[in-house]
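Top line first, the protein sequences correspond to chains A and B.
With the UniProt record's numbering, letter number 119 in the first sequence gets 119, and the count goes up by one each step, no holes.
With the UniProt record's numbering, letter number 80 in the second sequence gets 80, and the count goes up by one each step, no holes.
First comes the structure, then the notes that go with it.
2 protein chains.
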Amino acid sequence: MQWFPAAQWLRGYNRSLFTADFIAAIIVTIMLIPQSLAYAMLAGVPPEVGLYASVLPLVAYALFGTSRTLSVGPVAVVSLMTASAVSDAVAVTGADYHQAAILLALLSAAMLIGMGLLRFGFLANFLSHPVVSGFISASGIIIALSQLKHVLGISAHGETLIELGESLLAHVAQTNGYTLGVGVFALLFLAWCRTYLGVSLVRMGCSKDLASTLTKTAPVISIAATIALAYGFDLADRGVAIVGAVPSGLPSLGLPAFDWRLIEQLWPSALLISIIGYVESISVGRTLGAKRRQRVHSDQELIGLGSANLASALSSGFPVTGGFSRSVVNFDAGAQTPAASIMTALGIALAAMFLTPVLFYLPKATLAATIIVAVMSLVDLGLLKRAWSYSKSDGLALAGTIVITLLAGVEAGVVTGVALSIFLHLYHTSKPHVAIVGEVPGTQHFRNVNRHKVITAPTICSIRIDESLYFPNAAYLEDVVYAQVAKNPELKHVVLMCSAVNVIDLSALEALEMINERLTELGIGLHLSEVKGPVMDALERSHLLHALNGHVYLSQHEAFTQLQSGAGASRLGD
Amino acid sequence: MQWFPAAQWLRGYNRSLFTADFIAAIIVTIMLIPQSLAYAMLAGVPPEVGLYASVLPLVAYALFGTSRTLSVGPVAVVSLMTASAVSDAVAVTGADYHQAAILLALLSAAMLIGMGLLRFGFLANFLSHPVVSGFISASGIIIALSQLKHVLGISAHGETLIELGESLLAHVAQTNGYTLGVGVFALLFLAWCRTYLGVSLVRMGCSKDLASTLTKTAPVISIAATIALAYGFDLADRGVAIVGAVPSGLPSLGLPAFDWRLIEQLWPSALLISIIGYVESISVGRTLGAKRRQRVHSDQELIGLGSANLASALSSGFPVTGGFSRSVVNFDAGAQTPAASIMTALGIALAAMFLTPVLFYLPKATLAATIIVAVMSLVDLGLLKRAWSYSKSDGLALAGTIVITLLAGVEAGVVTGVALSIFLHLYHTSKPHVAIVGEVPGTQHFRNVNRHKVITAPTICSIRIDESLYFPNAAYLEDVVYAQVAKNPELKHVVLMCSAVNVIDLSALEALEMINERLTELGIGLHLSEVKGPVMDALERSHLLHALNGHVYLSQHEAFTQLQSGAGASRLGD
């Protein structure tokens, strides 16, 4: 871990790096203004809070994070989880919504920094790829659905597919035509820009980079256009919800009040938000890092994100993390160092000071459209088919995560997904693949008798167990050996080929002792081969090696040759 | 699964089997009468209920279970768990205690039969040996401590070490001298019989079998003696708690009332009791079965135990399972078939009909002493040292289970134990052992360069990853490969030796694709060797094999030889 990773890039900072960073900062700032306002709305906090969460957190991550191009701030999934957690906690405690969101950011900061100091970065690895992408796809659907009410100009609420669907259906008759007009215009414009604008611009002679940059300004254009519409046609008077007065200036710094009852309600959600935010952020960081051969340090990243959330809480913001789309824009725009993020923060600060009066007439439907178009690109249901065809377990974990997230909400979804993927793994290891092996002719290599033409001997049964021997499969191991013994009446030796055995725990050790005892009674030798170093080290501290009626062979070839010739054997292990 | 396993042994039943079973039944009946009364007291139900739970459940298991010698009925740990679950549920719902215990047996029956039909027997494997024995040891301590109040003649309550200790200390001043006298007499007598009686009898010329049988009658003798004492000296008038009037006869058959609120409270405990009871029972069944080469079928055992609990619930009993000490007595006394259990059930039924008046003066202190001596033999704290010295993980799981069971109760203990052992396993697989391997001279066998004198080549790095590649270690895999690449500037080929890789899941597949992409950019070949059949089958359904810049070799020897000579390579896998 490095205490101040920024020292690395600050040392060699020069004018050409500055120029690149400055250009990237301008592009990202333009993209971030609508995004910050929209995700604030999604999280349920006032729009200016979205801007606050895009100033100091960027600076904090630039100083303490390890990715050069990651852009930190409000993101869709974490904003949705914030809304879900805060509204539940507020319903129970009656606390102020915005204060609770700030406290959530603070709790998340404490957890992230704590996990970083304890080097708990490995915890993120327990969210498998199917679980993360299933969760993000399903969250995207929930987010899009939750924003539909702003496009229709109706009120609706709910945290699951069914609640949202029912609520929308119940109110759809009250749809405001003007709002729908603005919303559909923004949706179509944004969707068109995303799909066709870049291609059209290139055809018109733009460079690819410029086209891609201009495409990113679409949300700003849609905002400007709909503000003009709302102002020009007095849409607010016709029932179109607008953002209204947004306070200018920067937030005063300070900590939220410590409301212990609120903390009690919020901490489990804070933990989930921290882990999900971390996983999302580090996978973006790693992907971008790999493209430029820059390493991201998993434990220091926890510190970096933790300080970003601390900065957010200090400046009245809500939970933030490294976002996919914003980081990709930053990267593509040529950002070279975290200085780009610091300059972006300055840009957003200027916007918060001087731009807010302009936002008065901004229709909420436009922000909702921005969110919907952004999150729909996260939804990847095609992965379901790909995952299922590669492995039923991965497919099942993915499907389970999607279904539970849609039907029972984001927190239940991610917890179920992790539990399901761990259970499926354990289930498979509890009934491991077992191969009876023989020697591939002309080699010293042993392979499955069912897949290869191999040499075997009637008095020797060589069993390769394709799994570590530990408690979930200890009983199964006994079954496997006894079944072979029952099947082969001529049997004189059983050799357990341990090339795939990475650990033998106490439960499996007892199973081996039982097997040894029983085979001894039957006059059958029990031997081990290819026992790995760490496993052998452990066995040497146990009683098994003394009790074993047979030998431990360095290689399966040696075991087979010596047992066939009836010769004595070495007692070696790696 | 067999629907009526009793058909197997009924077919060949004859007079000599009957004689053996009959003798065993008499011995087990004599042992079971005090045990049934004592465990009923431990579970908090009236004494006659202990007898009821030892009649029909034995018959049901004899017909539907698969162990020939397992003896089913009230056992210590399950009785303690029953007391804990029922008293909590009764406190919340205000239901009748005995009715709640019957309902618990019914719920447990439904769960066991359900798990049997779904073939969920494998679930028991997730309780590792350290967790089960830690749980039983700690439960033994809790049980002994909970019975101390009866020996002292005071009132005390609690479910954890601290609660019980505080409660006992608070009331110890009220100790009744007479009760203490009876209790200590029974304790010393029972402990002496257990340790010395057998040896003494053998010295006096008894056969070993007879001596061991006579030893088992100690609880009956202590009961008879203390009943005589209590009657002769009017101990009840001197404050010694006695069992009092026990209704004679057999229970009427019937189901408990379906109290949904009570079911809501009881079901999590019923699940734990079912799993713990099943694990205890099947491990006893397997141990005894192994001695006579008889197989116990894990899924059918669930049906057998489920029907025993159903029978218990039908006859006003409480949760039962296969007990260790009673089964060993049955086995040692020469029981050959489950008919022994049916005759034992008849014996207990006769006792329930005719013996209960005799029990009026039985001091509760005697029953408590019976329990204490029985459970202290379950406590094996020496395992802690043995487990720790064999493997830190097993030691930690064992210690965690013991500590949490003692401090937070039986249910928290077993849940924590299972979670801890699974977490420790996953943690280890998330940072697997990795060996750089070379060829052992004169063989085709590859071993760790740090442990063996082996042949390597500067342009080839052969990495053996000692774990399946799956989500917890997917990121680690990338780190390992990149670290080797960074360390070896001459590197031209990386070979991943997959002998220990039993599965490659989607997350690891993506990591491999990333590695392949990055090594391709660096001009380094990525090869796989010794990929197992099932793993290869999965890879063939993926994109990786097409994208891979290197080859898949049958053996590591082949990979090393061909890459060194610069020759082309086969694309085979087992």
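Glycine included, every Cβ here is placed at the ideal spot set by N, Cα and C.
How should residue 546(A) be labelled, buried or exposed, when 16 other C-beta atoms within 10 angstroms of its C-beta is the threshold for buried? So residue 546(A) ends up on the exposed side.
As assigned by DSSP and simplified to three states, the class of residue 321(B): For residue 321(B), the three-state secondary structure derived from DSSP is strand.
Can you round the beta-carbon distance between residue 211(A) and residue 190(A) to whole angstroms, since I take them to be within the 8 Å contact cut? Between residue 211(A) and residue 190(A) a beta carbon distance of about 16 Å is seen, past the 8 Å cut, so the two are scored as non-contacting.
CB residue 276(B) to CB residue 77(B), shorter than 8 Å? Yes, they are a contact pair.
Specify whether the segment 216-235 of chain A and the segment 349-361 of chain A touch according to this definition: at least 3 beta carbon pairs, one from each stretch, less than 8 Å apart. Enough Cβ pairs lie closer than 8 Å, so yes.
Nearest residue (CA-CA) to residue 425(B), options 551(B), 315(B) and 126(B): When only C-alpha atoms are compared, the closest one is 126(B).
By the criterion of Cβ-Cβ separation under 8 Å, what are the contact partners of residue 473(B) in chain A? Neighbours of residue 473(B) on chain A, chain order: 125.
Quick one: which chain C residues come within Cβ less than 7 Å of residue 432(A)? The structure shown contains no chain C; its protein chains are A and B.
Option in 396(B), 497(B) and 421(B) with minimal Cα separation from residue 434(B): Cα-wise, what sits closest to residue 434(B) is 497(B).
Going straight from the alpha carbon of residue 265(B) to that of residue 194(A), what length do you get? Spanning the two alpha carbons is a distance of roughly 54 Å.
For the segment 115-140 of chain B, which residues have a beta carbon sitting closer than 7 Å to at least one beta carbon of chain A? Residues are counted here when their Cβ sits less than 7 Å from a Cβ of chain A; for the segment 115-140 of chain B these are 122, 125, 126, 128, 129 and 130, given in chain order.
Less than 6 Å between C-beta atoms, sequence neighbours within five positions excluded: which residues of the same chain meet that for residue 45(A)? So the list reads 98, 101 and 318, once near-sequence residues are dropped.
Own chain, CB closer than 6 Å to residue 311(A), minus 5 neighbours either side, in chain order: Exclusion of the five residues before and after residue 311(A) leaves 56, 57 and 60 as the residues of its chain whose Cβ lies within less than 6 Å of its Cβ.
Rounded separation between residue 568(B) and residue 525(B) - CA only: Because residue 568(B) sits at a pLDDT of 43, beneath the cut-off of 50, its placement in the model cannot be relied upon, and the point is left open.
Since residue 474(B) contacts residue 508(B) with CB under 8 Å, what's their CB separation in whole angstroms? Right, the Cβ-Cβ distance comes to about 5 Å (below 8 Å), so this counts as a contact.
Taking CB distances under 8 Å as the criterion, tell me whether residue 330(A) reaches chain B. For residue 330(A), the answer is no, since every Cβ of chain B falls outside 8 Å of its Cβ.
Between the Cα of residue 113(B) and those of 95(B), 65(B), 155(B) and 148(B), spot the shortest distance and give me the residue it belongs to. Comparing Cα-Cα distances from residue 113(B) to each of 95(B), 65(B), 155(B) and 148(B), the minimum goes to 65(B).
In DSSP terms, what residue 446(B) is bridged to: Within the DSSP bridge table, the entry for residue 446(B) names 439(B) as partners.
Residue(s) in a DSSP beta bridge with residue 525(B): For residue 525(B), which the question treats as bridged, DSSP gives the partners 493(B).
Tell whether a beta-carbon distance below 8 Å holds between residue 439(B) and residue 449(B). Using a Cβ distance threshold of 8 Å, residue 439(B) and residue 449(B) do not count as a contacting pair.
Rounded distance between the beta-carbons of residue 40(A) and residue 150(A), thought under 8 Å: Wrong, their Cβ atoms sit about 13 Å apart, outside the cutoff.
Which residues does DSSP list as the beta-bridge partners of residue 577(A)? This structure does not reach residue 577(A), given that chain A is present from 1 up to 574, and the question cannot be answered.
Looking at residue 226(B) and residue 182(B), is the spacing between their C-beta atoms short of 8 Å? Their beta carbons are under 8 Å apart, which means residue 182(B) touches residue 226(B) by this criterion.
Go through its chain and collect everything with a Cβ distance to residue 383(A)'s Cβ below 7 Å, but skip five positions before and after it. Cβ within range, chain order: 133 and 398.
Using the rule of at least 16 other Cβ atoms within 10 Å of the residue's Cβ for burial, across every protein chain shown, is residue 402(A) buried or exposed? With 16 or more Cβ atoms within 10 Å of its Cβ, residue 402(A) is classed as buried.
Would you mind working out which of 145(B), 261(B), 115(B) and 563(B) sits nearest residue 167(B), comparing C-alpha positions? The shortest C-alpha separation from residue 167(B) is found at 145(B).
I'd like to know whether the C-beta atoms of residue 187(B) and residue 372(B) end up nearer to each other than 8 Å. A contact, by the Cβ cut-off of 8 Å.
Check the Cβ-Cβ distances between residue 380(B) and every residue of chain A, and say whether any is below 8 Å. Residue contact with chain A for residue 380(B): absent (no Cβ-Cβ distance below 8 Å to any residue of chain A).
Using a Cβ cut-off of 8 Å, which residues of the segment 385-415 of chain A contact any Cβ in chain B, in chain order? Correct list: 387, 389, 390, 391, 393 and 394.
Figure out for me which residue from 6(A), 365(A), 487(A) and 108(A) has the closest Cα to the Cα of residue 82(A). Comparing Cα-Cα distances from residue 82(A) to each of 6(A), 365(A), 487(A) and 108(A), the minimum goes to 108(A).
Please determine, among 96(B), 548(B) and 323(B), the residue with the shortest C-alpha to C-alpha distance to residue 493(B). If we check each option's Cα against that of residue 493(B), 548(B) comes out closest.
Closer than 8 Å at the beta carbon, the chain A residues around residue 422(B): Going along chain A in sequence order, the residues near residue 422(B) (Cβ under 8 Å) are 422 and 426.
With a cut-off of 8 Å, does the C-beta of residue 557(A) fall near any C-beta of chain B? So yes, residue 557(A) belongs to the interface.
Chain A beta carbons: is any one of them nearer than 8 Å to that of residue 467(B)? Cβ-Cβ to chain A under 8 Å: yes for residue 467(B).
With DSSP as the reference, label residue 568(B) as helix, strand or coil. With a pLDDT of 43 at residue 568(B), under the threshold of 50, the modelled position of that residue is not reliable, and the figure given next carries that caveat. DSSP places residue 568(B) in the coil class of the three-state scheme, outside both helix and strand.
Find the residues of chain A that neighbour residue 510(B), judging by a C-beta separation of less than 9 Å, and give them in chain order. From the beta-carbon of residue 510(B), the residues of chain A found nearer than 9 Å are 129.
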